[in-house]
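Let me begin by presenting the structure, written as structure tokens, before commenting on it.
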Amino acid sequence: MKHIKNYFDHEPKYNKLRKPLEAAEVCDAARLLADGRFEVVSFRQGLLTLSVSNSSEAGNLQMETQKIIDKINTKIGQEKVREIRFKIG
């Protein structure tokens, strides 16, 4: 049985699904690491957007940004997340 990744690598008709699937993978990994501290909004071109309820939580998470990036990249096995942006709301 072939691995699904082989289909995406060699079939041009699946190219348009590559980015949404990558975003889903990153967002899922971030949700697992959130532990209720933040909500995942989106991922696009290396930028992960997270939502927090107030500015003090954003400040606390800003201090942990590199650690969060490293944990997510380790979990997915690739260096996909380069930056994190926090939204309050």
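At position 16 of the sequence shown the residue is numbered 712 (this note's numbering), and the sequence of numbers has no breaks.
Built from N, CA and C at the ideal position, the CB exists for glycine as well.
With distances taken between CB atoms, is the gap from residue i to residue j smaller than 7 Å?
i      : j      : result
Phe734 : Leu743 : no
Ile784 : Ala754 : yes
Val748 : Ile765 : no
Residues bridged to residue i by DSSP?
i      : result
Arg781 : Thr745
Using the C-alpha atoms, what's the distance from residue j back to residue i?
i      : j      : result
Asp724 : Arg714 : 15 Å
Leu751 : Gln762 : Leu is not the amino acid found at residue 751; the sequence shown has Ser there. Cα to Cα, the separation comes out at about 18 Å.
Val722 : Gln758 : 19 Å
In chain order, each alpha helix (DSSP H) run of at least 4 residues that lies wholly inside the region 725-776: If we require 4 residues or more, the alpha helix (DSSP H) runs fully inside the region 725-776 come out as 751-759, 761-772.
Stretch-stretch touch, CB-based, cutoff 8 Å, three pairs: the region 713-731 with the region 766-777: yes
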